[in-house]
Amino acid sequence: MIPIRAACSLSPDLLVVDNVLAALVILFTSVHYLYYCRAVKFVGPFVLMVYTIIATDIRRFLMIYAFYLVFLSCERAEQDQLPSATDQDRFQNVIQNPAEAFIRTFILTIGEFTVLYRNLAMCPAKVMVWIGKAVFLIFELGVSILQFNLLIAMMTRTYETIFRTRKEYKRQWAQVILMLELSLAPKDRLMYLLQYSRPTGTNKKLRSLVVNKNVYQDKTPEQIAQAKEEKAKKVIEERKTLLKRRLKDMEIREGVRPHTSRSPRLQTGYLKIKEN
Numbered sequence: 001m002i003p004i005r006a007a008c009s010l011s012p013d014l015l016v017v018d019n020v021l022a023a024l025v026i027l028f029t030s031v032h033y034l035y036y037c038r039a040v041k042f043v044g045p046f047v048l049m050v051y052t053i054i055a056t057d058i059r060r061f062l063m064i065y066a067f068y069l070v071f072l073s074c075e076r077a078e079q080d081q082l083p084s085a086t087d088q089d090r091f092q093n094v095i096q097n098p099a100e101a102f103i104r105t106f107i108l109t110i111g112e113f114t115v116l117y118r119n120l121a122m123c124p125a126k127v128m129v130w131i132g133k134a135v136f137l138i139f140e141l142g143v144s145i146l147q148f149n150l151l152i153a154m155m156t157r158t159y160e161t162i163f164r165t166r167k168e169y170k171r172q173w174a175q176v177i178l179m180l181e182l183s184l185a186p187k188d189r190l191m192y193l194l195q196y197s198r199p200t201g202t203n204k205k206l207r208s209l210v211v212n213k214n215v216y217q218d219k220t221p222e223q224i225a226q227a228k229e230e231k232a233k234k235v236i237e238e239r240k241t242l243l244k245r246r247l248k249d250m251e252i253r254e255g256v257r258p259h260t261s262r263s264p265r266l267q268t269g270y271l272k273i274k275e276n
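One point on numbering: in UniProt numbering, the residue at position 72 of the sequence shown is 72, and numbering is uninterrupted.
Listed below in structure tokens is the structure:
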């Protein structure tokens with residue numbers, strides 16, 4: 001873009017090309033940025049919902065909608081059924097060519113059908129009036145009522161499916177990492193693999209990933225706090241017990257407490273007393 005922008009003073013056409021390229025760069029940069037936002041916990045599911053809805057639900061809707069829009073936007077009357085010259089002054093066909101018929105049919109989708117329906121009612125050919133009204137009714141039932149409600153239902157189903165997946169952002173994060181790794185050279189990929197992996201056992205060539213499992217993922221915050229509090233109490237009790245045993249061993253070694261034949265640590269392995 002820099003050479004084209006520098007040459008904008010040479011020709012007005014280059015200025016138009018520069019503006020078009022700048023607009024395309026902004027659009028594709030936003031899409032590229034949203035690709036990496038999939039791995040973020042807060043906006044990742046939303047980005048995935050939008051992408052899934054556009055790639056699946058809206059694509060299906062546009063395919064069906066294009067069928068109605070193209071095949072029901074044909075001419076309503078044959079050339080031999082055109083009105084006479086006197087009637088043409090009073091009646092003007094608003095869908096007299098395919099392009100205009102396509103646009104008028106699209107306008108029907110957003111609910112503006114007054115002009116077209118009035119034009120159908122004023123048509124001199126009575127047969128075409130009834131045919132036009134029948135096609136108009138089919139279009140309103142098939143597109144305005146049925147198709148749009150199906151689109152809303154499909155988008156709602158997609159939203160609920162992704163929303164129920166609580167760890168979806170982690171899966172997207174893994175996919176982003178895999179795509180980035182595929183774009184690297186094999187040597188660089190091996191170097192990064194050695195950085196984030198850990199050796200397993202004595203064999204340094206056998207490596208694995210360290211995964212910290214969250215045992216509280218299916219519990220409420222109150223249950224998590226209670227479990228952590230109970231765990232802390234157990235740790236404190238274990239430390240107190242260990243401290244008492246150490247004090248008892250010290251008293252036995254110093255002769256303050258007599259050593260009995262029955263050892264208080266007969267089947268425990270907390271401490272090993274060194275023989276002096």
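In this text, a Cβ means the ideal position worked out from N, Cα and C, and glycines have one as well.
Any chain D beta carbon closer than 7 Å to residue i
i, result
"P124", "Of the chains in the structure shown, none is chain D; there is only one protein chain."
Cα-Cα separation, residue i to residue j
i, j, result
"M1", "S30", "18 Å"
"P199", "L178", "21 Å"
"I54", "V47", "11 Å"
"G255", "R245", "15 Å"
"Q96", "N119", "11 Å"
"L14", "I26", "18 Å"
"A232", "H32", "46 Å"
"A99", "V16", "27 Å"
"M154", "M63", "15 Å"
"K240", "E160", "50 Å"
"Q223", "Y192", "39 Å"
"F234", "K228", "Here the sequence assigns Lys to residue 234, which means Phe is not the residue at that position. The straight-line gap from Cα to Cα measures roughly 10 Å."
"I107", "Q195", "59 Å"
Under 7 Å between C-beta atoms of residue i and residue j
i, j, result
"K248", "Y169", "no"
"Q226", "A39", "no"
"L206", "S197", "no"
"P45", "I162", "yes"
"L151", "F67", "no"
Helix, strand or coil at residue i [DSSP, three-state]
i, result
"R157", "helix"
"L190", "helix"
"K244", "helix"
"T200", "strand"
"L206", "strand"
"K219", "coil"
"S144", "helix"
"M122", "coil"
"S9", "coil"
"E181", "helix"
"E230", "helix"
"V20", "helix"
"V50", "helix"
"L82", "Unreliable positioning characterises L82 in this predicted model, as indicated by a pLDDT of 49, which lies under 50. A coordinate reading is not provided."
Minimum C-alpha distance to residue i - residue among the options
i, options, result
"T158", "T56, N97, M128, D18", "T56"
"T105", "R164, S144, M250, K219", "S144"
"L146", "K133, T109, M122", "T109"
Say whether the stretch 137-145 touches the stretch 4-16, bearing in mind that this needs 3 or more beta-carbon pairs closer than 8 Å, one atom from each stretch. no
Using a Cβ distance threshold of 8 Å, determine whether the stretch 10-25 contacts the stretch 111-119, with at least three qualifying pairs required. no
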